[in-house]
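One structure is given here, and the rest of the page talks about it.
Residue numbers (the working numbering): 3 to 169.
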């Protein structure tokens, strides 16, 4: 399915009214997305997701009761094809990036990153054969092969000490 023919459907969930307004304007104003429902908490978002079967649930993490991050496993159980973008109301998104079922985690203070995440998800839905995009902001320490790094550093140190001895 391509968004040119039919925009992808999104549900927005946030207990913060300012965040809700901002996310509605970003997603609603995006060429690939249409907002089908807005929910004041994660429980209502789960109910709306089963009713509308959206392509995206865009929700803030900090909500009373069930948080956005805690709702992700249940959301994927109810509607497995729905993608999730979690929004942190603070600046740090490290605590939201741990769940592989989350398409992306973005701070609300960086609205440009929210739009980039919406673009990336629309591209992924248009071209699923391209595969899921790598999370650019993932902590590289988690995916770095440190044995390779140390081998390279040791060989560089040996070369530099050999050059000093020869010179």
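No residue lacks a Cβ here, since even glycine has one placed at the ideal position from N, Cα and C.
Simplified DSSP state of residue i, which is helix, strand or coil
i           : result
residue 13  : strand
residue 85  : strand
residue 74  : helix
residue 90  : strand
residue 68  : coil
residue 23  : helix
residue 18  : coil
residue 34  : coil
residue 117 : helix
residue 104 : coil
Same chain, Cβ closer than 8 Å to residue i, neighbours up to 5 away in sequence not counted
i           : result
residue 113 : 24, 28
residue 143 : Since pLDDT at residue 143 reaches only 45, below the 50 mark, its modelled position is unreliable, and no value is offered.
residue 117 : 28, 32
residue 26  : 14, 37, 40
Rounded distance between the beta-carbons of residue j and residue i, thought under 8 Å
i          : j          : result
residue 73 : residue 48 : 6 Å
residue 12 : residue 43 : Between residue 43 and residue 12 the Cβ distance is about 17 Å, and since that is not below 8 Å, they are no contact.
residue 51 : residue 68 : That belief does not hold up - the Cβ atoms of residue 51 and residue 68 are roughly 13 Å apart, past 8 Å.
residue 10 : residue 58 : 6 Å
Residue nearest to residue i in terms of C-alpha spacing, selected from the options
i           : options          : result
residue 75  : 102, 64, 95      : 102
residue 34  : 51, 18, 130, 124 : 124
residue 93  : 129, 131, 51, 62 : 62
residue 108 : 64, 162, 163     : 64
residue 18  : 167, 130, 110    : 110
residue 2   : 84, 154, 157     : With the chain represented from 3 up to 169, any question about residue 2 goes unanswered, as that position is not in the structure.
residue 66  : 45, 82, 59, 79   : 45
residue 252 : 132, 81, 154, 71 : Nothing can be reported for residue 252, as the shown portion of the chain is limited to 3 through 169.
residue 56  : 8, 89, 131       : 8
Below-8 Å beta-carbon distance, residue i vs any chain C residue
i           : result
residue 131 : In summary, chain C is missing from the structure at hand, where a single protein chain is found.
Own chain partners of residue i with C-beta closer than 6 Å, once the 5 adjacent residues on each side are dropped
i           : result
residue 30  : 37
residue 106 : 87, 119
residue 41  : 15, 47, 50
residue 115 : 108
Cut-off 7 Å between Cβ atoms - residues of its own chain near residue i, not counting five sequence neighbours on either side
i          : result
residue 39 : 13, 50, 54
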